[in-house]
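*Asks:* Structure provided below as structure tokens; questions to follow.
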DNA sequence: TATAAAAACAACCGAATGGTTGTCCAAATT
DNA sequence: AATTTGGACAACCATTCGGTTGTTTTTATA
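Residue numbers (the numbering used here), protein chains in the order written: chain A, 1 to 105; chain B, 106 to 210.
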């Protein structure tokens, strides 16, 4: 098994997606991030760690608090991959069109 | 842990992303999909199952073969989620702008 | 100063993940 | 008719995942 820890894995978990959505409204410390999720603060901290390792969020120290901020530019990687897949798919139909056009003559 | 089996999980694995890319060039049977990956056909079949359960590909029987075809429209869910997160993020700055504009008067 | 709060560190747990091998069946091919 | 081929089914395995609890350290606050 290869080392996986990328944006795709970061957004695979629904709790992490919710964390990203929460942070999209503005920076929060870990305790604030964890509010309203029914899980322990430690579990949240682990998600935060994964998200920051993947570059989807950044974390900075401020006194005793750990402030988390969304880095939504990282999600470009995901959108780019989808776009590239779509391009391949469309090219496939273009090729078919060209072929059909050719045999019609 | 809740039952997770959605598009986000489907594209989380790099092998599955490569399968999607391969199928974006046109339909293939399971054996063909598995070529050039260094893993067993059974492992590929499992990935195919997950992808089809998530609606990212469709599988149809044709004689003794199982033909897989990409359903890239399903990836909209991912793009939509990213877009929604971005929207929140942008609104955040708009609010800040409005606030700064207000205190300047 | 005593206490509460934020978070790190560590150990543990059950379930899911990604992979393997072996057996078997049905459809093609020879 | 015999053999190959595509794939299903099942059992197994090590690792990762998402979560827990308990302890400790540091920073605020009453």
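Using N, Cα and C, we set each Cβ at its ideal position, and we do this for glycine too.
1) Taking only the alpha-carbon atoms, compute the straight-line gap between residue 215 of chain B and residue 98 of chain A and give it to the nearest angstrom.
2) Buried or exposed: where does residue 34 of chain A fall if 16 or more other Cβ atoms within 10 Å of its Cβ makes it buried?
3) Okay, do the region 72 to 87 of chain A and the region 190 to 201 of chain B touch, 3+ Cβ pairs below 8 Å being the bar?
4) By the 9 Å beta-carbon criterion, what residues does the region 134 to 157 of chain B contribute toward chain A?
5) Output needed for residue 152 of chain B: all residues of its chain with C-beta closer than 8 Å, excluding positions within five of it in sequence on either side, in chain order.
6) With a threshold of 7 Å on Cβ separation, who are the neighbours of residue 5 of chain A within its own chain once the five nearest residues in sequence on each side are excluded?
7) Select from the region 57 to 70 of chain A all residues with a C-beta closer than 7 Å to any C-beta belonging to chain B, and list them in chain order.
8) Measure from the alpha carbon of residue 165 of chain B to the alpha carbon of each residue in B/134, B/127 and B/144, then state which is nearest.
9) Quick check on residue 68 of chain A: buried or exposed, where buried means 16 or more other Cβ atoms within 10 Å of its Cβ?
10) Shortest alpha-carbon distance to residue 23 of chain A belongs to which of B/206, B/207, B/205 and B/189?
11) With a threshold of 7 Å on Cβ separation, who are the neighbours of residue 163 of chain B within its own chain once the five nearest residues in sequence on each side are excluded?
12) Using a cut-off of 9 Å between C-beta atoms, extract the partners of residue 113 of chain B located in chain A.
13) Please check the pair residue 82 of chain A and residue 184 of chain B, which I expect to be a contact at CB under 8 Å, by giving their CB distance rounded to whole angstroms.
14) Does the beta carbon of residue 100 of chain A come closer than 8 Å to any beta carbon on chain B?
15) With distances taken between CB atoms, is the gap from residue 155 of chain B to residue 115 of chain B smaller than 8 Å?
16) If we define contact as Cβ-Cβ less than 8 Å, is residue 191 of chain B a contact residue for chain A?
17) Is residue 59 of chain A helix, strand or coil when you go by DSSP?
18) Do residue 169 of chain B and residue 25 of chain A have their C-beta atoms within less than 8 Å of each other?
*Replies:* Let me spell this out:
1) Absent from the structure is residue 215 of chain B, since the part of chain B shown begins at 106 and ends at 210.
2) buried
3) Yes, the region 72 to 87 of chain A touches the region 190 to 201 of chain B.
4) Here the close residues number zero.
5) 118, 120, 121 and 124
6) 53 and 54
7) 70
8) B/134
9) buried
10) B/189
11) 157, 174 and 176
12) 8, 11, 12, 13, 14 and 17
13) 6 Å
14) no
15) Contact: yes.
16) yes
17) strand
18) no
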